[in-house]
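The structure appears below as structure tokens.
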Amino acid sequence: LSSNVTVDRLQFTLTVTFHYLFPILTMGLGLFIAWLKTVSYLGREDRRFPLLRKTPAERAVHESSARFWMRIFAVTFAFGVVTGIPLEFQFGTNWARFSTFAGGVIGQTLALEGVFAFFLESAFLGIFLAGAQRVGARLHWLSALAVFAGAWLSGFFIIATNAWMQHPVGYERSGDKVQLRSFGDLLTNDWLAWQYLHNMGGAATTGAFVLAAMGAYYLLNGRHVRFARTSLSIGVVAALVLCLLQIFPTGDGQAKNVADHQPSTFAAMEGVFRSEKAAPLVIIGNPNTEKRKLESTIELPDALSFLTYKRWKAKVRGLNTIAERDWPSSVPLVYYSYRIMVGLGTILLLIAGLAVFLLWRRKLFESRRMLWALMLSFPFTYIANIAGWTVAEAGRQPWTVFGLQRTADAASPSSSVPAGTAIFTLLGFAGLYLLLGILYLLLIARIVNRGPEEEPAEAPADEPDPEPAAAATS
Amino acid sequence: MATAWFILLAAMVTAYVVLDGFDLGAGALHLLIGRDEREREGLTETYGPVWNGNEVWLIASGGVLFMAFPKAYSSAFSGLYFGLILVLWLLIGRGLALELRHQLDNPLWRSACDVVFCLSSAVLAFVLGVALGNVVRGVPLGADGFFHLSLFGLLNWYALLVGVVGLVVLCAHGANFLALRASGEPAARARRWARRLWWVEAALFVGMIGPTYAVRDEMLTNLGDHPWRLVFPLVAVVALVALLVYQRRERLGHAFTSSALFIVGLVTTMAAGIYPNVLPAHDDRPFSLTVDNAAAGDDALRIALYWWPVGIALAVGYFIYAYRLFFREPSGERAP
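Following this line, the structure appears as structure tokens:
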């Protein structure tokens with residue numbers, strides 16, 4: 020910890036990881052809230068589009084579901100905003116030489132995010148939360164769509180920034196800095212489309228599993244049954260679709276990006292120490308960086324070559340072709356994070372698939388084992404998201420801007436921000452964020468405990484007072 | 206080109222200080238103007254739906270500073286490290302206290318939120334003033350364009366003085382806002398505070414001329430050399446007088462507008478005074494960061510000039526829309 024670069028990295032890792040837990044959920048829930056509000060606002064019994072063909076009672080459930088999820092969204096959004104500001108600030112405070120070097124390019128995308136996404140999101144969240152009585156049903160629906168658009172636009176500009184750091188394009192070097200040359204190149208970066216879709220798919224998967232888990236929780240408790248069934252059905256169907264899309268095409272496309280543009284990262288992800296033709300896909304194995312090989316492996320012959328290049332005998336580039344100073348600082352970290360992401364993705368796909376099968380057979384709402392599994396699986400979507408980002412960020416090392424600026428040259432000069440100063444603020448952030456995490460869980464637990472508002476007046480509630488019923492059965 | 210961005214950036218910072226200024230100031234007076242839990246609840250409702258949007262002007266200004274003057278951004282942020290991290294922690298505490306206040310029905314929770322909100326607002330107003338004071342005074346920039354100021358280096362006498370000015374001006378602005386938007390007893394209290402603070406504000410405004418000349422005579426000579434720039438301090442003076450007049454006549458809307466214009470005058474005067482520097486060096490060191498040596502490349506600045514007007518026009522549109530929506534009906538008569 021005597022090196023300021025190490026402490027700066029730790030602080031950024033802590034603050035960005037903690038922050039991202041909130042946008043995962045707001046970006047994911049934003050999508051589903053927009054959908055629930057759309058059904059509630061546009062749904063009619065005589066619609067030709069089957070997904071919008073809803074009875075007034077069904078629409079009422081969608082409406083109260085949207086409001087329930089918006090309460091969780093609002094709290095999560097507040098935590099996301101306050102923990103997000105430190106990230107933009109830290110580019111200046113802890114990564115001053117990176118900002119000086121790359122500000123001419125990534126300043127654009129970060130400024131775009133502030134100007135185009137944050138204003139949209141904050142203005143319309145305020146309008147949405149003021150309530151439909153005050154602003155009218157139409158504006159209320161539109162503001163749900165605007166909040167969703169703002170959240171996903173914000174994600175786009177952040178991914179555009181990250182994509183440029185992973186695969187710099189559209190710039191020219193002038194002296195010790197880079198300057199933007201083509202705005203079009205920046206936004207049509209090869210890396211950007213797949214990374215964006217894969218990332219947003221990950222967030223939406225979390226949203227879907229959270230919907231399903233909440234439904235499962237209420238069903239297991241015998242509370243808010245109509246709400247629970249709606250959330251659960253939407254959640255598991257969306258989860259299945261999204262899990263499939265995460266594997267193909269978005270995950271596949273993103274892996275090809277890495278293979279094409281960051282061979283060092285790709286080799287570390289797959290544990291390929293030596294280039295080989297007809298490379299096997301390693302399902303399980305432990306990388307040994309000393310001996311430069313994978314140990315205790317179970318592998319599928321030729322599969323890695325096929326998955327990467329669509330040819331069984333293609334040659335996969337190994338770490339032996341890359342100077343060791345350009346290897347990711349920790350090969351095992353990249354390797355295991357990648358496996359955690361892929362492994363969890365596969366397990367989640369199976370769970371979602373089974374749940375949809377049971378839903379189709381009309382057995383899901385009674386299958387207590389499946390409900391338990393769904394209720395407990397949503398935290399793993401967070402782990403998969405964070406593990407994916409670990410692959411991206413640890414895999415890019417030792418570079419901050421791949422091939423252009425090393426992380427060691429990116430931190431603020433130690434004369435401005437010495438290691439001790441950064442340790443002080445790192446500890447401050449750690450303590451503060453521990454407190455925030457506890458507070459967040461407490462507030463969410465209260466919202467969950469209170470549950471969605473019961474059916475609005477025009478549609479009489481079909482459940483008797485749920486609390487005593489739940490107490491009697493337990 | 207870089208000069209155009211200096212002006213646009215100054216405009217965004219001004220918008221930030223005017224908009225977030227009233228909720229910061231109202232927050233700093235929160236415990237004094239609202240005497241019990243119910244009154245305080247009423248106060249937070251006046252800016253509840255808009256404060257977050259106001260704060261976005263800070264984020265967006267930071268983004269534009271980063272985009273247009275990356276060197277100044279990285280140098281100022283790393284050099285003022287402690288000040289900025291402190292601002293972050295305060296912003297976290299303040300935002301959460303305000304947003305989460307309604308979440309629990311416990312009176313102790315609400316009191317705790319009120320205290321956190323009030324103190325963090327007051328300290329933020331002060332710290333933002335201190336940061337501004339250091340920029341005006343100049344910082345010990347080295348040849349590499351970086352500097353280091355210890356915590357006590359930040360808290361030099363001039364910066365502390367500007368901190369006090371920041372706190373007073375924003376409190377007065379907040380009081381004028383609450384006088385207009387709050388209802389009942391708190392509104393009357395806010396009116397009294399606004400009147401009292403006017404005298405302090407006016408005294409500090411006149412009183413700051415000498416010290417500012419002492420730490421950086423360019424601030425004034427710069428205005429004298431380009432007489433058209435005198436229009437900015439003139440706006441401040443006229444607005445200050447108008448504020449007093451309107452307060453006396455109980456024209457609360459006009460008084461709030463005058464207060465906003467006074468802040469516009471102050472911030473633009475400061476910007477006009479330091480131009481062409483973005484981050485001046487202290488003690489006549491030759492390493493000042495100026496619009497020329499701190500700016501991003503011309504291509505980048507030109508590209509941004511295409512999207513910036515669109516984005517800001519949209520943002521201003523949302524703001525006008527949201528403010529009309531929320532400030533249309535007189536507060537206090539709002540349905541619960």
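Chains as they are written, first to last, in our numbering: chain G, 20 to 493; chain D, 206 to 541. We treat Cβ as the ideally placed atom computed from N, Cα and C, and that holds for glycine.
Item: Touch test, the region 389-408 of chain D against the region 221-241 of chain D, Cβ-Cβ under 8 Å, three pairs minimum; Value: yes
Item: Cutoff 7 Å: residue 119 of chain G Cβ touching any chain D Cβ; Value: yes
Item: Cβ shell of residue 174 of chain G (< 8 Å), same chain only, five flanking positions each side left out; Value: 42, 46, 215, 218, 219 and 222
Item: Those runs of the alpha helix (DSSP H) which lie wholly inside the region 126-153 of chain G and span at least 4 residues; Value: 138-149
Item: Outcome for residue 265 of chain G when other beta-carbon atoms lying within 10 angstroms are tallied against a minimum of 16; Value: buried
Item: Bounding residues of the beta strand (DSSP E) (the contiguous stretch that carries residue 190 of chain G); Value: 190-193
Item: Nearest candidate by alpha-carbon position, reference residue 213 of chain D, set D/528, D/527 and D/514; Value: D/514
Item: Paired residues, beta bridge with residue 420 of chain G - DSSP; Value: G/424
Item: Residue closest to residue 190 of chain G, alpha-carbon to alpha-carbon, out of G/82, G/200 and G/142; Value: G/200
Item: Min CB distance residue 250 of chain D to chain G below 7 Å; Value: no
Item: CB contact below 7 Å: residue 127 of chain G versus chain D; Value: yes
Item: Local conformation of residue 486 of chain D per DSSP, three classes; Value: strand
Item: Within 8 Å of chain G by C-beta, residues of the region 404-419 of chain D in sequence order; Value: none
Item: Interface residues of chain D facing residue 330 of chain G [CB-CB closer than 8 Å]; Value: Near residue 330 of chain G there are no residues of chain D at all, since even the closest Cβ is about 41 Å away, more than 8 Å.
Item: CA-to-CA distance, residue 255 of chain D to residue 304 of chain D, given in whole angstroms; Value: 12 Å
Item: Alpha-carbon to alpha-carbon, residue 519 of chain D and residue 162 of chain G; Value: 15 Å
Item: Anticipated Cβ contact below 8 Å, residue 82 of chain G with residue 74 of chain G, distance rounded; Value: Not confirmed; about 13 Å, so no contact.
Item: Cα-Cα separation, residue 374 of chain D to residue 529 of chain D; Value: 25 Å
Item: Buried/exposed call for residue 152 of chain G, threshold 16 Cβ in 10 Å; Value: exposed
Item: Short Cβ contact (7 Å threshold) for residue 26 of chain G with residue 442 of chain G; Value: yes
Item: Chain G contact for residue 257 of chain D (CB, 7 Å cutoff); Value: yes
Item: DSSP three-state assignment for residue 390 of chain D, whether helix, strand or coil; Value: helix
Item: Chain D residues whose Cβ lies nearer than 7 Å to that of residue 104 of chain G; Value: 264, 293 and 296
Item: Sufficient close CB pairs (3 or more, under 8 Å) joining the region 292-312 of chain D to the region 137-148 of chain G; Value: no
Item: For residue 310 of chain D, the nearest candidate out of D/270, D/429 and D/243 (CA to CA); Value: D/243
Item: Through-space distance from residue 301 of chain G to residue 324 of chain G, alpha-carbon basis; Value: 11 Å
Item: Per-residue burial, residue 418 of chain D [other beta carbons within 10 Å of its own, 16 or more giving buried]; Value: exposed
Item: Supposed close pair residue 347 of chain D, residue 492 of chain D - CB separation, criterion 8 Å; Value: 6 Å
Item: Exposure of residue 412 of chain D, with buried meaning 16 or more beta-carbon neighbours within 10 Å; Value: exposed
Item: Contact under 7 Å by Cβ, residue 55 of chain G with residue 84 of chain G; Value: yes
Item: Anticipated Cβ contact below 8 Å, residue 259 of chain G with residue 371 of chain G, distance rounded; Value: 4 Å
Item: Opposing strand residues paired with residue 198 of chain G [DSSP bridges]; Value: G/191
Item: Alpha carbon of residue 277 of chain G to alpha carbon of residue 183 of chain G, nearest angstrom; Value: 13 Å
Item: Residues near residue 333 of chain G by beta carbon distance below 6 Å, same chain, minus five either side; Value: 324
Item: Contact list for residue 202 of chain G against chain D, beta-carbon separation under 7 Å; Value: 508
Item: Proximity test, Cβ basis, 7 Å: residue 307 of chain D and chain G; Value: no
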